[in-house]
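Residue numbers (the working numbering): 12 to 929.
Note that CB positions come from ideal geometry on N, CA and C, so glycine has one too.
Note that the structure is predicted; figures quoted are calculated from it, not measured.
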RNA sequence: GCCCGGGUGGUGAAAUUGGUAUACACAGCGGACUUAAAAUCCGCCGCCUACCUGCAUAAGGAGCGUACGGGUUCAAGUCCCGUCCCGGGCACCA
């Protein structure tokens, strides 16, 4: 075959047009992503290529389950999905070639509010809207070429799925893990529903953004706090595959606090002459060592003692109510003064017996602990500010201990000076310190350090029956009732005689009627007689069905286990024990608290019911970064912004090359709004479908992987997409130009290669080594660059010059590039005949670098003199330390830069450098 | 305020974890091919300079460079201390 020369003049085509060498067997000369992707996808479909079977004997290394957080079927995929699923896809393709039995499933988080909102807008039933969206998004996922086992697909709005939400809920009711109570809840007036604490962000609904109100409503709760300690302990010790960042978020959320709960006795009686709270005002403190410094106690405005104060002194009412104002919202809090009202009610200090006045304070929260705190102004910053304002006495009870602390100043570090004095007019951080301090002015506690003092206090209090060690958590029980239509019906029945009665297991699922179209007037189930009317399972009398539905976080708490046992006759079956725990979970960081905590809790609850045997569902967790894009807008009236999609803007740059604005096609000037998350509001999203149509799925995948590390945020770039496309075209051209020689060549004989070809082969295997390293640590951006390095090296070998090396190169390049760009590589693999000798690329053996190829006869070592790079020396790769030292000492640079001094010391870093110290 | 991350060319980023800083790309510049453009291919591309060699705004060399200031080390983007920014989490939590 005649070597291809791009500069050759073609007798028929003329200059500059591509000369077409004969193809083998009948390959297209140009990369056409549409035909390539269609061919590959239909082949995968026809062979059921991604069907996962438990204990599949083809894969000896055991299972590998990698799963992406299930998407909400909002209408279309967005680029975040593309990134998420490509990471997932690369993992399973890579693992499969290594011999693992992989599973990558997909499903739909199909219940939820957006469907109801869309329904109201478009007058379609949420069910119809949802199923339509699922269809579209499934087609898009397939167009991306994801290695999904679609036989396990599920939608959470399918009765066959949510039946098990209901079943498990009933089990939890039976054993007390779920319970019904009436509580003040967060009510979202826009979405007309109850929100969990986690769903209230800065006092607003996480989805609607509406200011949340407090309402009293009966509902169901999951007792997640029962697992608080286990969840925390596992967070700290059992999740090595989670990022520290993620673990910290969960740890903070659980919010464990160890301290002492004790009572101030009192004989304050209510209107009926009954002692309030049985004459004990409980507080919680983490600083029991400062108990002798108590000069007041403070209660929340809702506390029974505050209520009693209002009863006795009605003029306090408006002042106390005023303390509730200002809310708990964001910035106001920082500005809010510590305010309070004295009540003229007194409690008794449990250790000193002194009378202590009760204040109502705006910084005490009824929802935390007992809604009351002891006031130790000397050693708590808030109490300090409060006491200073209201001229309450401040009593110092701890000091920096000169025996254990060493104070210094910047000029004389470490030199002990006198311990700092306590100054009641100004707060210093050490007042609140637990470390390096000991008690003073505290009677029996004097001289004790924090831990000793706390133990002593507990001993004294428990002797009087007034206190004990106690651990509290920030985490609250999970309220799962939602006053919504589009969710899993809570399977209970209300009977006038029997009260709340669970639906018998045999009657599950309680099927949600799918034909309703919400109109904003509340839950349509409340008007659905056919749904409402039922008979009481206990007494058989007419009864009314519950119309609340479950929080959709229930759906997502365990779906990944249903993937593992699709169509099971039970909630999960033995197949779940095969696939779970999941080896790798992938999703956005925005679910770091809610979803991940609920899923972990659900797993533990299922474990304790004997449904599974493991403790934690997700061994490894990857949180892919957000996709960002530039934001452009034209100023509207009243400071509003008319956002312009970046695709319509030609950006302009300042003298430093940074974008500072842009122009539209008609010349209109637009403002630059910086970089932000791709979204509908800013109109800066990129539609994956457009990308797939224009460049193909492989280019889209390659781009999102190459743009940065999987966990880093990534900024969109049109030109970088073109670059990704260009690379794939070069891969195609490389193979097409060498098709025949690659198909016919044998194995590489390394000894027969010229020095130049040996160098190329060294580059190839070095890049492969790097690629394998980066695959293992899931750093896919450099996996892509390793493939580019391989191609750069291989292209230096002209067609026909070294068929065996070209064949080896193509086989390595195609295999390492395959997880990123499966379509083009599969097509080339088949076209070049690899499929005939090595089988399908899907199951091909993962390439390992040839150790011999990585050995060079001579190696270059960096030569440093006194730590500065001055040149390099070339030595035989087999050279020992002494030889290298001698060669380095003899180098010209040593004479030149060493100023004639003899080497004092020579440090040799094998294979890298040699440093001569003179 | 506390707790986690992070700060590297014009841009996205890399540096196998203490060993040649800027790999691989994008953009830009120059060239080849073309009537021309696109595409493709080749080359250049951190900063500074009357600091040195050179006619040179060519090419070398020296110097400086990973937010800033110190330190440890033969050797620091990487480790330590301090400071400043950016992102995230938590927060009148007792």
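Own chain partners of residue i with C-beta closer than 7 Å, once the 5 adjacent residues on each side are dropped
i, result
"residue 921", "none"
"residue 506", "512, 547, 549, 550, 552, 554"
"residue 322", "282"
"residue 620", "182"
"residue 160", "61, 62, 63, 114, 115, 116"
"residue 786", "105, 794"
Contacting residues, own chain, Cβ-Cβ under 6 Å from residue i (five flanking each side not counted)
i, result
"residue 435", "405"
"residue 834", "47, 48, 51, 156, 709"
"residue 569", "613"
"residue 881", "874, 904, 908"
"residue 780", "860"
"residue 914", "900, 927, 929"
Residue i versus residue j - alpha carbon distance
i, j, result
"residue 119", "residue 788", "29 Å"
"residue 560", "residue 501", "5 Å"
"residue 437", "residue 410", "15 Å"
"residue 442", "residue 390", "5 Å"
"residue 114", "residue 609", "23 Å"
"residue 752", "residue 817", "8 Å"
"residue 535", "residue 243", "40 Å"
"residue 917", "residue 871", "17 Å"
"residue 861", "residue 799", "19 Å"
"residue 618", "residue 774", "51 Å"
"residue 809", "residue 801", "14 Å"
"residue 656", "residue 648", "19 Å"
"residue 674", "residue 684", "14 Å"
"residue 228", "residue 220", "21 Å"
"residue 599", "residue 77", "15 Å"
"residue 688", "residue 725", "9 Å"
"residue 577", "residue 583", "8 Å"
"residue 797", "residue 760", "24 Å"
Simplified DSSP state of residue i, which is helix, strand or coil
i, result
"residue 718", "coil"
"residue 78", "strand"
"residue 910", "coil"
"residue 340", "Because the pLDDT at residue 340 is just 38, under 50, the model does not fix this residue reliably, and the point stays unresolved."
"residue 140", "helix"
"residue 59", "coil"
"residue 505", "strand"
"residue 41", "coil"
"residue 223", "coil"
"residue 790", "coil"
"residue 54", "helix"
Cut-off 8 Å between Cβ atoms - residues of its own chain near residue i, not counting five sequence neighbours on either side
i, result
"residue 723", "636"
"residue 678", "none"
Opposing strand residues paired with residue i [DSSP bridges]
i, result
"residue 90", "According to DSSP, residue 90 bridges with nothing at all."
"residue 194", "228"
"residue 154", "DSSP lists no partner for residue 154."
"residue 492", "561"
"residue 654", "644"
"residue 674", "661, 680"
"residue 482", "269"
"residue 632", "596"
"residue 525", "For residue 525, which the question treats as bridged, DSSP gives no partner whatsoever."
"residue 555", "505, 544"
Check: residue i C-beta below 6 Å from any heavy atom of the ligand SAH
i, result
"residue 627", "With respect to the ligand SAH, the structure offers nothing, as it holds no ligand at all."
| Cβ pair count under 8 Å reaching 3, the stretch 59-78 against the stretch 106-118 | yes
| request: Would you be able to state if there are at least three C-beta pairs under 8 Å between the stretch 887-897 and the stretch 139-147? | output: no
| task | Assess, as a yes-or-no matter, whether the stretch 307-322 is touched by the stretch 349-357 under the definition of 3 or more beta carbon pairs within less than 8 Å. | result | yes
| request: Assess, as a yes-or-no matter, whether the stretch 77-95 is touched by the stretch 695-710 under the definition of 3 or more beta carbon pairs within less than 8 Å. | output: yes
| Are at least three pairs of beta-carbons, each pair with one atom in the stretch 728-747 and one in the stretch 836-853, less than 8 Å apart? | yes
| Touching or not, the stretch 586-596 and the stretch 197-208, by the rule of three or more beta carbon pairs under 8 Å? | no
| request: Report yes or no: do three or more beta-carbon pairs, one from the stretch 520-535 and one from the stretch 476-484, lie closer than 8 Å? | output: no
| request: Would you check if there are 3 or more beta carbon pairs closer than 8 Å linking the stretch 240-254 to the stretch 316-331? | output: no
| said: For the structure I just gave you, are there three or more beta carbon pairs, one from the stretch 260-278 and one from the stretch 354-366, closer than 8 Å? | reply: yes
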